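Chemist: Sending over a structure as structure tokens; questions will come in a sec.
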Amino acid sequence: MKIKFYPTFLILIFFIIFFIFYKGLQNPNIYTPSVEIKKNIPEFKVKKFENDKILNSKDIFLDNKFYLFNIWASWCVPCREEHKYLMKFKKDKNIEIIGLNYKDSYENAKEFLDELKNPYEIILSDLDGTIAIEWGAYGVPETFLIHNKKIIKKIIGPINEYSFIEIEEIIK
Amino acid sequence: MKLFKYLAIIFLIINISLANAENINLQNKITKNLRCLICQGQSIYDSDTEFANSLKLVVKQKLENGKSEDEIYSFFQEKYGEWILYDPKFNKNTYFLWLLPVLMFIIGGAIIFKLFIIKKK
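Going line by line, the protein sequences match chains S and R. Under numbering that gives the first Met the number 0, the first residue of the first sequence is numbered 0, with each subsequent residue one higher. Under numbering that gives the first Met the number 0, the first residue of the second sequence is numbered 0, with each subsequent residue one higher.
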């Protein structure tokens with residue numbers, strides 16, 4: 000009996016380790032951030048894009064209204080791609096678009112908006128990128144759908160036809 | 000009296016630069032333990048992307064505001080998830096990871112003890 004105990008034990012350990020690694024094989028090793036989140040929006044103070052007025056996040060987002068919080072920059076090429084969808088959202092009365100201009104110069108951003116038109120109700124300025132970090136953003140473009148001061152959806156990268164329809168469905 | 004004044008000034012300068020150096024050391028330690036989520040296999044400290052540079056700035060600001068190391072880690076964990084930390088915290092998802100080496104050590108020790116020490120007796 001004593002002799003048989005150790006081999007069985009070793010085989011058992013081997014199987015446990017094999018099982019763990021086999022399970023691990025099926026997990027993707029590329030990190031994909033979660034997009035379905037129900038988080039409160041962060042509180043922050045921010046400078047307006049057009050002037051030096053400081054706004055408080057509490058005064059920007061009101062209850063019972065849908066907001067699209069869009070992080071953009073004039074130097075970001077995918078932002079041009081998604082711009083047409085933002086212009087479509089602008090026509091929708093159910094939603095308001097707030098822009099966060101990320102690490103950009105005023106002149107370049109102004110030129111970008113003059114060329115492609117301005118879809119934003121309010122534009123905020125994030126010169127050093129710290130406000131984007133408060134939002135848990137990875138880069139530009141990134142869009143958050145907000146309702147009742149909660150982030151209900153997050154789109155990393157440009158808005159496309161698919162995510163456009165998805166948002167339309169939610170805010171209907 | 001003049002000498003005393005000079006000494007006081009020198010003492011002050013040394014103190015300030017020491018405090019500064021300590022802060023920078025802690026800042027480096029924290030940024031080394033944060034994963035750059037948009038780069039592959041790099042920490043925030045190593046990376047020079049826009050994302051990493053902003054994160055470094057946030058860490059610096061938080062330290063200047065008197066936040067502790069743990070508070071900063073929890074802040075980033077809340078924003079970006081557990082994955083951003085290179086040194087994962089002890090919770091229900093990671094307890095197996097942390098306890099496995101200890102478990103192995105105990106079991107191995109028990110086997111050795113049984114095989115060699117008890118047998119010899």
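The beta carbon of each residue, even a glycine, is placed where N, CA and C say it ideally should be. No experiment lies behind these values; they were computed from the predicted model shown.
1. Evaluate threonine 142 of chain S with the Cβ neighbour count: other Cβ atoms within 10 Å of its Cβ, from every protein chain shown; 16 or more gives buried, anything less gives exposed.
2. Alpha carbon to alpha carbon, what distance is there between serine 124 of chain S and leucine 180 of chain S?
3. Give the DSSP-derived three-state secondary structure of leucine 33 of chain R in the structure shown.
4. To the nearest angstrom, report how far apart asparagine 159 of chain S and leucine 67 of chain S are at their CA atoms.
5. With a threshold of 8 Å between beta carbons, is glycine 138 of chain S in contact with chain R?
6. Where does threonine 142 of chain S sit, in a helix, a strand or coil, going by DSSP?
7. By DSSP, does tyrosine 94 of chain R sit in helix, in strand, or in coil?
8. Answer yes or no: does any C-beta atom of chain S fall closer than 8 Å to that of valine 57 of chain R?
9. Look up aspartate 125 of chain S in the DSSP assignment and give the residues it is bridged to.
10. Starting from the C-beta of tyrosine 119 of chain S, find all residues in its chain whose C-beta is less than 7 Å away, skip the five residues before and the five after it, and write them out in chain order.
11. On the premise that glutamate 49 of chain S lies in contact with proline 140 of chain S, defined as a C-beta separation below 8 Å, what is that separation, rounded to the nearest angstrom?
12. In whole angstroms, what is the alpha-carbon distance linking leucine 112 of chain S and phenylalanine 88 of chain S?
13. Taking the beta strand (DSSP E) that isoleucine 70 of chain S falls in, what are its first and last residues?
14. Check this for me: beta carbons of arginine 34 of chain R and tyrosine 85 of chain R, under 8 Å apart or not?
15. Taking asparagine 55 of chain S as part of the beta strand (DSSP E), name the residues at either end of that continuous run.
16. For serine 53 of chain R, which of helix, strand or coil comes out of DSSP?
17. Measure from the C-beta of aspartate 51 of chain S to each C-beta in chain R and report whether the shortest distance is under 8 Å.
18. Could you work out which residue in S:Lys152, S:Asn39 and S:Pro157 is closest to isoleucine 166 of chain S when comparing CA atoms only?
19. Just verifying my parser: in three-state terms, what is the DSSP assignment at leucine 102 of chain R?
20. Taking lysine 102 of chain S as the query, report the chain R residues whose CB atoms sit under 7 Å from its CB, ordered along the chain.
21. Taking the alpha carbon of histidine 146 of chain S as the reference point, which residue from S:Phe65, S:Gly128 and S:Asn39 has its own alpha carbon closest?
22. Can you tell which of S:Ile164, S:Cys75, S:Gly128 and S:Ile10 has the C-alpha that lies nearest to the C-alpha of phenylalanine 43 of chain S?
23. Rounded to the nearest angstrom, how far is the Cβ of threonine 30 of chain R from that of isoleucine 37 of chain R, given a contact under 8 Å?
24. Can you name the start and end residues of the beta strand (DSSP E) that isoleucine 164 of chain S belongs to?
25. Please name the residues in the stretch 133-161 of chain S whose beta-carbon is closer than 9 Å to at least one beta-carbon of chain R, in chain order.
26. Going straight from the alpha carbon of isoleucine 8 of chain R to that of lysine 37 of chain S, what length do you get?
27. What is the DSSP secondary structure of leucine 84 of chain R, reduced to helix, strand or coil?
28. Please report the distance separating the alpha-carbon of lysine 116 of chain S from that of alanine 108 of chain S.
29. Starting from the beta carbon of serine 53 of chain R, find every residue of chain S whose beta carbon is closer than 7 Å, and list them in chain order.
30. Return the CA-CA distance between leucine 25 of chain R and glutamate 68 of chain R, expressed in angstroms with no decimal places.
31. When DSSP labels each residue in this structure, what does glutamate 77 of chain R get in the three-state scheme?
Modeler: The answer reads as follows:
1. Locating residue 142 of chain S in the first sequence gives position 143, counting from the first residue. By the 10 Å Cβ count, threonine 142 of chain S comes out buried.
2. The shown model of chain S, from 0 to 171, leaves out residue 180 of chain S, and the question about it has no answer.
3. One-based indexing of the second sequence puts residue 33 of chain R at position 34. Residue state, collapsed to three classes: strand.
4. By one-based count along the first sequence, residue 159 of chain S stands at place 160. By one-based count along the first sequence, residue 67 of chain S stands at place 68. Their backbone Cα atoms lie some 14 Å apart in a straight line.
5. By one-based count along the first sequence, residue 138 of chain S stands at place 139. Answer yes: the Cβ-Cβ gap between glycine 138 of chain S and chain R drops below 8 Å somewhere.
6. Counting from 1 along the first sequence, the entry for residue 142 of chain S is found at position 143. Residue state, collapsed to three classes: strand.
7. Mapped onto the second sequence, residue 94 of chain R falls at position 95. Three-state result, tyrosine 94 of chain R: helix.
8. What you label residue 57 of chain R is simply residue 58 of the second sequence in a count that begins at 1. Yes, contact with chain S.
9. Residue numbering aside, residue 125 of chain S sits at position 126 when the first sequence is read from its first letter. In DSSP, aspartate 125 of chain S forms a bridge with S:Tyr101.
10. Translated into the one-based positions of the first sequence, residue 119 of chain S becomes position 120. Correct list, in chain order: Ile96, Ile97 and Gly98.
11. The residue labelled residue 140 of chain S in the question sits at position 141 within the first sequence. The residue labelled residue 49 of chain S in the question sits at position 50 within the first sequence. Contact flag wrong, Cβ pair sits at about 21 Å.
12. The count along the first sequence starts at 1 and reaches residue 112 of chain S at position 113. The count along the first sequence starts at 1 and reaches residue 88 of chain S at position 89. Looking at the two C-alpha atoms, the distance is approximately 16 Å.
13. For this step, residue 70 of chain S is matched to residue 71 along the first sequence. Here the beta strand (DSSP E) through isoleucine 70 of chain S covers 65-71.
14. Here residue 34 of chain R refers to the residue found at position 35 of the second sequence. Here residue 85 of chain R refers to the residue found at position 86 of the second sequence. A contact, by the Cβ cut-off of 8 Å.
15. Indexing the first sequence from 1 puts residue 55 of chain S at position 56. Note, asparagine 55 of chain S: beta strand (DSSP E), 53-55.
16. By 1-based counting over the second sequence, the position of residue 53 of chain R is 54. Correct three-state label for serine 53 of chain R: helix.
17. The count along the first sequence starts at 1 and reaches residue 51 of chain S at position 52. So no, aspartate 51 of chain S is outside the interface.
18. Here residue 166 of chain S is taken as the residue at index 167 of the first sequence, counted from 1. Cα-wise, what sits closest to isoleucine 166 of chain S is S:Lys152.
19. As a working note, residue 102 of chain R is residue 103 in the second sequence. It is helical.
20. By 1-based counting over the first sequence, the position of residue 102 of chain S is 103. Going along chain R in sequence order, the residues near lysine 102 of chain S (Cβ under 7 Å) are Glu49.
21. Translated into the one-based positions of the first sequence, residue 146 of chain S becomes position 147. The shortest CA-to-CA distance from histidine 146 of chain S to any of S:Phe65, S:Gly128 and S:Asn39 is the one to S:Phe65.
22. Indexing the first sequence from 1 puts residue 43 of chain S at position 44. Minimum Cα distance to phenylalanine 43 of chain S is reached at S:Gly128.
23. Walking along the second sequence from the start, residue 30 of chain R turns up at place 31. Walking along the second sequence from the start, residue 37 of chain R turns up at place 38. In fact, because the Cβ distance is near 15 Å, the residues do not count as touching under 8 Å.
24. Position 165 of the first sequence, counting from 1, holds the residue named residue 164 of chain S. Counting along the chain, isoleucine 164 of chain S falls outside any beta strand (DSSP E), though it belongs to the alpha helix (DSSP H) covering 160-170.
25. Glu133, Trp134, Gly135, Ala136, Tyr137, Gly138 and Val139
26. Within the second sequence, residue 8 of chain R is the residue found at index 9, counting from 1. Within the first sequence, residue 37 of chain S is the residue found at index 38, counting from 1. Going by the C-alpha atoms only, they are around 54 Å apart.
27. Here residue 84 of chain R refers to the residue found at position 85 when the second sequence is read from its first residue. Here leucine 84 of chain R sits in strand by DSSP.
28. Counted from its first residue, the first sequence places residue 116 of chain S at position 117. Counted from its first residue, the first sequence places residue 108 of chain S at position 109. One C-alpha to the other measures close to 11 Å.
29. As a working mapping, residue 53 of chain R is identified with position 54 in the second sequence. What serine 53 of chain R touches in chain S: Asp127, Gly128, Thr129, Ala131 and Ile132.
30. Taking the first residue of the second sequence as 1, we reach residue 25 of chain R at position 26. Taking the first residue of the second sequence as 1, we reach residue 68 of chain R at position 69. So the two alpha carbons sit approximately 8 Å from each other.
31. Here residue 77 of chain R corresponds to residue number 78 of the second sequence, with the count starting at 1. Helix at glutamate 77 of chain R.
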